[in-house]
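Under my numbering, the first residue of the sequence shown is numbered 940, with each subsequent residue one higher.
Beta carbons are placed, not taken as given, at the ideal position from N, Cα and C, and that holds for glycine.
Heads up: the structure comes next, in structure tokens.
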Amino acid sequence: MTILVTGATGNVGRNVVEQLVKRGTDVRALVRDPAKAKFPAGVNVVQGDLLDVDSLRSAMSGVSTLFLLNGVVADEYTQALIALNIAREARIERIVYLSVIHSDVYVNVPHFAGKFGVERMIEGMGLNATVLRPAYYMDNEITIKDVVTGYGIYPMPIGDKGLAMIDARDVGEIAAIELIRRESATPLPLKRINLVGPDTLTGADAAAVWTEVLGRKIAYPGDDTAGFEQNLRQFMPSWMAFDMRLMAERFLTDGMLPETGDVDRLTTLLGRPLRSYRDYVAQIAG
940 MTILVTGATG NVGRNVVEQL VKRGTDVRAL VRDPAKAKFP AGVNVVQGDL
990 LDVDSLRSAM SGVSTLFLLN GVVADEYTQA LIALNIAREA RIERIVYLSV
1040 IHSDVYVNVP HFAGKFGVER MIEGMGLNAT VLRPAYYMDN EITIKDVVTG
1090 YGIYPMPIGD KGLAMIDARD VGEIAAIELI RRESATPLPL KRINLVGPDT
1140 LTGADAAAVW TEVLGRKIAY PGDDTAGFEQ NLRQFMPSWM AFDMRLMAER
1190 FLTDGMLPET GDVDRLTTLL GRPLRSYRDY VAQIAG
């Protein structure tokens, strides 16, 4: 019995692979560039692309369970639908799909709306899947660390509703646990799980945590989503920067709030507390 992990060299995918290997699972990793595949011994690395039907058919041959992760790219929706159709063709009856929390609420945000479309396909086609819906990743803070430490401001316009940020290591471990649960049973019905962290943080809260960790004042300048978009355009395509701006605008109006019982459910699943934002900031600031 083999579990195929797509997006395996990314932050979440790499954690999924490592957690599956720790649990003695037969893992196959789909990667575009095998030279970048730095995995534990025993992982079967296969080269392929989610738009390359032939490579997908080859990668899914003999696979019992699929972990489907798509990066935020312009054709993400098409990639996911093709992968799921090939999985169905290959008679893979166990799937874990990495979506996003509130995909059904952030309906104007391209990469959220695309993931919700994939969820609709999974449900409409009767696929046996777990849909994981993570909130904002703490790991995104790596990209702003130099701004925080160099300029004394927390630049992410996350507003005052609050985001239940989660560590990608927790996402990877929960995904591995759920993959093995499906792998070890007859095909199980559709299930959705919100993946959240233990704290729901506003922009002011995040700045306060950085203030405490660094021992000097870090300010939260406010919710300038237009400026956020312009800054992002310095290192990403304009469509992606605009997508991120639309997401930030929904942070301001809706937040990313956990549902009742989410934190307790995940804590029980992991058998330990979820990693905190403060601990994560202390790790990367150190």
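Going along the chain, which residues of its own chain have a beta-carbon closer than 6 Å to the beta-carbon of residue i, five neighbours each way excluded?
i: F1051; result: V1039, S1042 and Y1045
i: I1132; result: L1071
i: P1160; result: I1092
Assign residue i to one of two classes, buried (16 or more other C-beta atoms within 10 Å of its C-beta) or exposed (fewer than that).
i: R953; result: buried
i: Y1090; result: exposed
i: D1106; result: buried
i: T945; result: buried
i: R1211; result: exposed
Which residues in the same chain as residue i place their Cβ atom closer than 8 Å to its Cβ, once the five residues preceding and following it in sequence are excluded?
i: G1194; result: G1098, K1100, G1101, L1102 and T1139
i: S997; result: V985 and G987
What is the DSSP secondary structure of residue i, counted as helix, strand or coil?
i: I1021; result: helix
i: D1235; result: Because the chain in this structure spans residues 940 to 1225, residue 1235 falls outside the shown range and cannot be described.
i: I1031; result: coil
Using 8 Å as the limit for Cβ to Cβ distance, is residue i near chain B?
i: N1079; result: The chain labelled as chain B is not found in the depicted structure, where only one protein chain is given.
According to the Cβ coordinates, are residue i and residue j closer than 8 Å?
i: A1029; j: M1064; result: no
i: R1217; j: V1152; result: yes
i: D1163; j: V1048; result: no
i: W1149; j: V1057; result: no
i: M1104; j: G1142; result: no
i: M1060; j: L1020; result: yes
i: T1069; j: R1121; result: yes
i: A1224; j: K1084; result: yes
Measuring straight from C-alpha to C-alpha, what distance separates residue i and residue j?
i: L1191; j: A1115; result: 32 Å
i: T948; j: K975; result: 7 Å
i: V1035; j: L1066; result: 10 Å
i: G963; j: L969; result: 19 Å
i: A1013; j: N1024; result: 19 Å
i: Q958; j: E1112; result: 6 Å
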